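Okay, so the sequence shown: first residue is 1 according to this note's numbering, each after it adds one.
No residue lacks a Cβ here, since even glycine has one placed at the ideal position from N, Cα and C.
It should be emphasised that the depicted structure is a prediction, and the values quoted were computed from it without experimental measurement.
Step one of this worksheet: look at the structure below.
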Amino acid sequence: MPIKNRRLILLLILLFLLIIVGASKLPIAVERKITVFKPEVKKINGNDLLIDVNKNNCLPVDYVPDDLVNISDYEIPENSAFMLRKIVMQDLQEMVSQAKKEGIGLKVISAYRSYQKQGQIYNSWVAQLGIKEAQRQSAVPGCSQHQLGTAIDFNELNFSFADSLVGIWLYQNAWKYGWVISYPKNSEDITGYAYEPWHYRYIGKENAEEMQKQGLILSKFLEEKNNI
Ligand SMILES: [Zn+2]
Numbered sequence: 001m002p003i004k005n006r007r008l009i010l011l012l013i014l015l016f017l018l019i020i021v022g023a024s025k026l027p028i029a030v031e032r033k034i035t036v037f038k039p040e041v042k043k044i045n046g047n048d049l050l051i052d053v054n055k056n057n058c059l060p061v062d063y064v065p066d067d068l069v070n071i072s073d074y075e076i077p078e079n080s081a082f083m084l085r086k087i088v089m090q091d092l093q094e095m096v097s098q099a100k101k102e103g104i105g106l107k108v109i110s111a112y113r114s115y116q117k118q119g120q121i122y123n124s125w126v127a128q129l130g131i132k133e134a135q136r137q138s139a140v141p142g143c144s145q146h147q148l149g150t151a152i153d154f155n156e157l158n159f160s161f162a163d164s165l166v167g168i169w170l171y172q173n174a175w176k177y178g179w180v181i182s183y184p185k186n187s188e189d190i191t192g193y194a195y196e197p198w199h200y201r202y203i204g205k206e207n208a209e210e211m212q213k214q215g216l217i218l219s220k221f222l223e224e225k226n227n228i
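Written out as structure tokens, the structure is:
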């Protein structure tokens, strides 16, 4: 066989081998691409009054509402120096003064908490109760509604609060002022949290009225709203 032809055959064999190797590597390359693919992380906007913050939907570490105000600048009783978003204050003031007229003394005992503050609280619960029970009672930092600056714990962290005059008044009237209970009785399967008769979140008057009319608990209402 002439050398020219041999070279040609060798070249063809080489080309053939290159095609085979290339083709066999192709699916691997595709597979690799798929395995390194990461879905886009959902960005949660804490400023949205209807954002659903729960165990599976948490705020960024550095989320701080940009309209925080001191409760002490308003005529609202509190047992320490707390802050809330300005957007909730008018309706809160209205609710507190109406309650007062009816002989009901509302007092804020917790409001905005930073990610770091929530971390301290959560860790102290873990130390007292262990992780499993702590997660029924307290949110992991980043996953607390208190970081939104639109949630309040009223008067006392005690289940008997539900049957007190203040607790009953809040349960019946808070929605008229845009405040709704976040973790109602018998809803732990849905919310992931034990009953908290003292914990209310602000979603605005119109939304609260809609939620009340629909007879939904907050997490279901937010789920529906956010699916639209
Ligand atoms: Zn709370």
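Just curious, the beta strand (DSSP E) that residue i is in, first and last residue?
| i | result |
| --- | --- |
| Phe-154 | 151-154 |
| Ile-109 | 108-110 |
| Leu-68 | 68-70 |
| Glu-113 | Here residue 113 is Arg; the residue named in the question, Glu, does not match the sequence. Unbroken run through Arg-113: none, as it is neither H nor E. |
Starting from the Cα of residue i, find the closest Cα among the options and give me that residue.
| i | options | result |
| --- | --- | --- |
| Leu-84 | Lys-100, Trp-125, Asp-67 and Glu-75 | Asp-67 |
| Val-61 | Trp-169, Gln-116 and Ser-182 | Gln-116 |
| Ala-194 | Arg-136, Gly-46 and Glu-75 | Arg-136 |
| Pro-141 | Gln-118, Phe-159 and Leu-157 | Gln-118 |
| Pro-65 | Pro-184, Ala-151 and Lys-185 | Ala-151 |
| Ile-51 | Val-166, Gln-145, Gln-98 and Lys-185 | Gln-145 |
| Asn-226 | Leu-17, Asp-48, Ile-131 and Asn-5 | Asp-48 |
| Asn-158 | Tyr-74, His-199, Leu-10 and Asn-70 | His-199 |
How far does the alpha helix (DSSP H) with residue i in it reach, from first residue to last?
| i | result |
| --- | --- |
| Ser-219 | 218-227 |
| Leu-92 | 86-101 |
So is residue i buried or exposed if we call it buried at 16+ other beta carbons inside 10 Å?
| i | result |
| --- | --- |
| Leu-102 | With the sequence shown as reference, residue 102 is identified as Glu, and Leu is not the correct amino acid for it. So Glu-102 counts as exposed. |
| Glu-188 | exposed |
| Ala-127 | exposed |
| Pro-77 | exposed |
| Lys-33 | Reliability fails at Lys-33, whose pLDDT of 46 lies under 50, so the model's placement of it is uncertain and the value that follows must be treated cautiously. Classification for Lys-33: exposed. |
| Leu-59 | buried |
| Glu-133 | exposed |
| Ser-110 | buried |
Answer yes or no: do residue i and residue j have a C-beta to C-beta separation smaller than 8 Å?
| i | j | result |
| --- | --- | --- |
| Pro-192 | Asn-57 | It is worth fixing the name first, because residue 192 is Gly in this sequence and not Pro. Against a cut-off of 8 Å, the Cβ pair of Asn-57 and Gly-192 comes out as no contact. |
| Trp-175 | Glu-209 | yes |
| Leu-218 | Phe-154 | no |
| Gly-178 | Lys-205 | yes |
| Arg-113 | Gln-147 | yes |
| Asn-166 | Ile-104 | Checking the sequence shown, residue 166 turns out to be Val, not Asn. Yes, these two residues count as a Cβ contact at 8 Å. |
- Item | Length at least 4, wholly inside the region 160-202: the alpha helix (DSSP H) runs in chain order | 165-173 and 188-191
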